[in-house]
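Listed in order, the protein sequences are those of chains A and B. Residue numbering for the first sequence follows my numbering, starting at 2 and increasing by one per position. Residue numbering for the second sequence follows my numbering, starting at 72 and increasing by one per position. Cβ coordinates follow ideal geometry from the N, Cα and C atoms, glycine included. Computed from a predicted structure; not experimentally measured.
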Amino acid sequence: MPKLRIIKFHESINEAMTIAMKSNRKVLCFGLGVDDPKRIFNTTKNLKEKFGANRVFDTPTSENAMTGVGIGLSLQGYLPVMVHQRFDFFLLAMDQLVNGAAKWFYMFGGQKNVPITIRLIVGRGWGQGPTHSQSLHSWFAHIPGLKVVMPSSAHDAKGLLLSSIFDKNPVIFIEHRWLHNTTSFVPKEKYFIPLSKSNIVKKGSDITIVANSYMTLEAIKASEFLEINKISIEIIDLRTISPIDYSTIYKSVKKTKKLLVLDISNEKFGIAAEIVSNITINLFKYLKIPPAIIASPNAPTPTSFALTKNFYPTHKEIIIKIFEMNNRKLNKNNIPKNKNLHDVPGEWFKGPF
Amino acid sequence: MILIREVEESIALKYSENKMRCPTHLCIGQEAISSGVSLNLRPIDTVVSTHRSHGHYLGKGGNLGKMIAEIYGKTDGCSKGYGGSMHLIDLDVNFMGSTAIVGNSMPVGVGLALSSKLENYKSISCIYFGEGCTEEGIFSESINFAIVSNLPALFVCENNFYSVYSDLKPRQPKNRKIHKMVSAMGIKTFYADGNKVLDVYKTTNKAIKYIKKYKKPVFLEFATYRWREHCGPNYDNSIGYRTEKEFAKWKNKDPINEFKNYLVKNKIINANLIDKFYLSTNRKVARAFKFAEKSNFPSEKDLFKNIYA
Numbered sequence: 002m003p004k005l006r007i008i009k010f011h012e013s014i015n016e017a018m019t020i021a022m023k024s025n026r027k028v029l030c031f032g033l034g035v036d037d038p039k040r041i042f043n044t045t046k047n048l049k050e051k052f053g054a055n056r057v058f059d060t061p062t063s064e065n066a067m068t069g070v071g072i073g074l075s076l077q078g079y080l081p082v083m084v085h086q087r088f089d090f091f092l093l094a095m096d097q098l099v100n101g102a103a104k105w106f107y108m109f110g111g112q113k114n115v116p117i118t119i120r121l122i123v124g125r126g127w128g129q130g131p132t133h134s135q136s137l138h139s140w141f142a143h144i145p146g147l148k149v150v151m152p153s154s155a156h157d158a159k160g161l162l163l164s165s166i167f168d169k170n171p172v173i174f175i176e177h178r179w180l181h182n183t184t185s186f187v188p189k190e191k192y193f194i195p196l197s198k199s200n201i202v203k204k205g206s207d208i209t210i211v212a213n214s215y216m217t218l219e220a221i222k223a224s225e226f227l228e229i230n231k232i233s234i235e236i237i238d239l240r241t242i243s244p245i246d247y248s249t250i251y252k253s254v255k256k257t258k259k260l261l262v263l264d265i266s267n268e269k270f271g272i273a274a275e276i277v278s279n280i281t282i283n284l285f286k287y288l289k290i291p292p293a294i295i296a297s298p299n300a301p302t303p304t305s306f307a308l309t310k311n312f313y314p315t316h317k318e319i320i321i322k323i324f325e326m327n328n329r330k331l332n333k334n335n336i337p338k339n340k341n342l343h344d345v346p347g348e349w350f351k352g353p354f
Numbered sequence: 072m073i074l075i076r077e078v079e080e081s082i083a084l085k086y087s088e089n090k091m092r093c094p095t096h097l098c099i100g101q102e103a104i105s106s107g108v109s110l111n112l113r114p115i116d117t118v119v120s121t122h123r124s125h126g127h128y129l130g131k132g133g134n135l136g137k138m139i140a141e142i143y144g145k146t147d148g149c150s151k152g153y154g155g156s157m158h159l160i161d162l163d164v165n166f167m168g169s170t171a172i173v174g175n176s177m178p179v180g181v182g183l184a185l186s187s188k189l190e191n192y193k194s195i196s197c198i199y200f201g202e203g204c205t206e207e208g209i210f211s212e213s214i215n216f217a218i219v220s221n222l223p224a225l226f227v228c229e230n231n232f233y234s235v236y237s238d239l240k241p242r243q244p245k246n247r248k249i250h251k252m253v254s255a256m257g258i259k260t261f262y263a264d265g266n267k268v269l270d271v272y273k274t275t276n277k278a279i280k281y282i283k284k285y286k287k288p289v290f291l292e293f294a295t296y297r298w299r300e301h302c303g304p305n306y307d308n309s310i311g312y313r314t315e316k317e318f319a320k321w322k323n324k325d326p327i328n329e330f331k332n333y334l335v336k337n338k339i340i341n342a343n344l345i346d347k348f349y350l351s352t353n354r355k356v357a358r359a360f361k362f363a364e365k366s367n368f369p370s371e372k373d374l375f376k377n378i379y380a
């Protein structure tokens, strides 16, 4: 068997970009900083050198207009990949996204599609605070016409980004900053992971956990302790949150009869609430106990080291909730503790952003 | 100009039949701009426009029957009934789309200009908008990017002095000259009377020569006036946001009358020929309405068509 190649998430994004740009000259890459010394946390490394300044270019700080420029390019057959170093910056572009990109194909009677990909990076920790750490993916999932993709591993990032770039629709591709340094097996060649198809990360029988992006990692972490304690969880990583793959969730919930949904964002009015509502409406008779949600509280993200302490749920909250949902007693002292301080994912990240 | 005027008058006349069930913004009084600009555009040149786009669409050569059918919400409409009056498209003539949010189509036009630049400046991107758009953030964002990237973009500002029912007083400083303000950003600008079709034509011609020669964008401002209400078929001078006197002044500057008089006075064409042209135009317009009336409505299940490509 050949040796498995392990690379980092940010390297896998870079590899997907390189493959896409090499295989199709219509693929463009732009956004504030794509060719600056930091290269969007290394994800756009060497792209300008390989593909030239016509195809890889820095832009004015004009998020709204540049999204429209991407739409215009896509109408002439280009496949623009736009990137924002924080999700929050992209909020300036809502008119172009919602009234433009999402509607174009529909409102002109299916004559022109808008195949743009918008990469958004979600911040967390080191005091990113109220305006540098939002993930409003649920907003976008609310809008027909958009696709919303949230990879949770280096392996998925490459295959999902390639599918997003060559998809015929506008795709919002959301990268969690804490995933950038994670590693996984990533084949060297070009491969596509289909959109709107979720991934069963771990098979189990006692409860279904639906997760996305970084929360998938917390679920996997929780599963190790739960396994030892003889609770078998099934983890579904959504991969694409819209259009959502309900059939995989239905199948799993019919089997486990219990549902816990995790989200990286605020609890209320989000993707987790949508899934819980859908399952309650459609699979009520299968459920043994009420479904549950673990997500951030409905407060803006605070900045202070002290205030963020309990803001983001971790494997610990997941374990406690699952013990409770399975009617099991738990000695909380036995839950393995995080090695790192709560506001960093590991030694590699000391901010500043 | 006559075609645009007659189409718009027919829409106004028939609007009360309640068969055109969508917000409709007429450009009666502003026809000289669509006409004078469009005569300078080649088929390969692209156009994007706004909620008030009938004139721009027809000027570029957009299919008349399909436009009327679109306003009627029929399958033969240029957007298959999904867009209505505010979302017109005719790809056969590179009319790439009109959209209904102020400033929304502007950067799309800039993107079209960038795609042209990437293909060796093969076409010019003509971008229509009103003076209200100059108050939007996206306006300066779009112009700025076109300047720094040397894009073949023709920005056409139709200044009709009103944004819905709001005049310029609360919106812009007194005596602002939009073209001068924009010129300070570092773009070549021209200004002309938007009710004089020859002036519009000549100014646009200069602009296009400039774009081709220097591979840089140009900004045009044309002053004009809409005769009817912001949205809908009626006159609305009585509701109190503008005066009958102001309207009369502009009506006196009717772009069509002015040009007709010029042509006849200078013996370029005789009045008979103009009458004949009206006759054939009216037949064409009547045919378009008949086509729209006859066309089918989309079926109810088409609601879910074309959400994703």
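Same chain only: Cβ atoms within 7 Å of residue i, ignoring 5 sequence neighbours per side
{"i": "ILE295/A", "result": "LEU261, LEU263, PRO314, GLU318, ILE319, LYS322"}
{"i": "PRO195/A", "result": "SER164"}
{"i": "TRP321/B", "result": "GLY100, TYR296"}
Cβ shell of residue i (< 6 Å), same chain only, five flanking positions each side left out
{"i": "ILE142/B", "result": "MET91, SER156"}
{"i": "ASP246/A", "result": "SER197, LYS198, SER199"}
{"i": "ASN170/A", "result": "LYS148"}
{"i": "LEU29/A", "result": "ARG56, TYR79, PRO81"}
Three-way DSSP call (helix, strand, coil) for residue i in this model
{"i": "ASN200/A", "result": "strand"}
{"i": "ARG120/A", "result": "strand"}
{"i": "SER35/A", "result": "A small correction: the amino acid at residue 35/A is Val; Ser does not occupy that position in the sequence shown. It is coil, neither helix nor strand."}
{"i": "HIS85/A", "result": "strand"}
{"i": "LYS251/B", "result": "helix"}
{"i": "THR217/A", "result": "helix"}
{"i": "LEU331/A", "result": "coil"}
{"i": "SER370/B", "result": "coil"}
{"i": "SER196/B", "result": "strand"}
{"i": "LYS355/B", "result": "helix"}
{"i": "VAL115/A", "result": "coil"}
{"i": "GLU176/A", "result": "strand"}
{"i": "ASP346/B", "result": "helix"}
{"i": "THR302/A", "result": "coil"}
{"i": "ASP264/B", "result": "strand"}
{"i": "LYS340/A", "result": "coil"}
Per DSSP, cross-strand counterpart(s) of residue i
{"i": "GLU229/B", "result": "GLY201/B, PHE293/B"}
{"i": "MET177/B", "result": "Note: MET177/B sits in no beta bridge, so no partner."}
{"i": "HIS125/B", "result": "Answer is none; HIS125/B lacks a bridge partner."}
{"i": "ALA293/A", "result": "LEU261/A"}
{"i": "PHE166/B", "result": "VAL118/B, ASP161/B"}
{"i": "CYS30/A", "result": "VAL57/A, VAL82/A"}
{"i": "ASP238/A", "result": "ASN200/A, ALA212/A"}
Nearest-angstrom Cβ-Cβ length linking residue i and residue j, presumed shorter than 8 Å
{"i": "GLY133/B", "j": "GLU102/B", "result": "About 14 Å separates the two Cβ atoms, so there is no contact after all."}
{"i": "THR121/B", "j": "GLY201/B", "result": "6 Å"}
{"i": "GLY110/A", "j": "ASN377/B", "result": "7 Å"}
{"i": "ILE265/A", "j": "TYR215/A", "result": "5 Å"}
{"i": "HIS133/A", "j": "HIS11/A", "result": "At roughly 18 Å, the Cβ-Cβ gap does not stay under 8 Å, so HIS133/A and HIS11/A are not in contact."}
{"i": "PHE31/A", "j": "PHE52/A", "result": "At roughly 12 Å, the Cβ-Cβ gap does not stay under 8 Å, so PHE31/A and PHE52/A are not in contact."}
{"i": "PRO114/B", "j": "ASN165/B", "result": "7 Å"}
{"i": "ILE201/A", "j": "THR249/A", "result": "7 Å"}
Rounded separation between residue i and residue j - CA only
{"i": "ILE99/B", "j": "SER237/B", "result": "19 Å"}
{"i": "THR184/A", "j": "ASP157/A", "result": "11 Å"}
{"i": "LEU74/B", "j": "THR352/B", "result": "6 Å"}
{"i": "SER124/B", "j": "SER169/B", "result": "7 Å"}
{"i": "LEU80/A", "j": "THR274/B", "result": "35 Å"}
{"i": "GLY136/B", "j": "PHE270/A", "result": "45 Å"}
{"i": "ASN279/A", "j": "ILE237/A", "result": "16 Å"}
{"i": "VAL187/A", "j": "ALA359/B", "result": "59 Å"}
{"i": "PHE226/A", "j": "THR68/A", "result": "45 Å"}
{"i": "SER13/A", "j": "TYR128/B", "result": "46 Å"}
{"i": "ILE223/A", "j": "PRO303/A", "result": "The displayed chain sequence assigns Ala, not Ile, to residue 223/A. If you take the alpha carbons of ALA223/A and PRO303/A, they lie about 25 Å apart."}
{"i": "GLU228/A", "j": "ILE160/B", "result": "59 Å"}
{"i": "THR314/B", "j": "THR95/B", "result": "23 Å"}
{"i": "ASN266/B", "j": "TYR272/B", "result": "11 Å"}
{"i": "SER366/B", "j": "ASN89/B", "result": "16 Å"}
Proximal residues to residue i (C-beta, below 8 Å), its chain only, five neighbours per side dropped
{"i": "VAL181/B", "result": "SER196, ILE198, SER213, PHE216, ALA217, LEU222, ALA224"}
{"i": "PHE362/B", "result": "GLY136, ILE139, ALA140, ASP147"}
{"i": "ASN15/A", "result": "ASN43, THR44, THR45, LYS46, ASN47, LEU48"}
CB contact check: residue i to chain C, cutoff 8 Å
{"i": "PRO178/B", "result": "Of the chains in the structure shown, none is chain C; the protein chains are A and B."}
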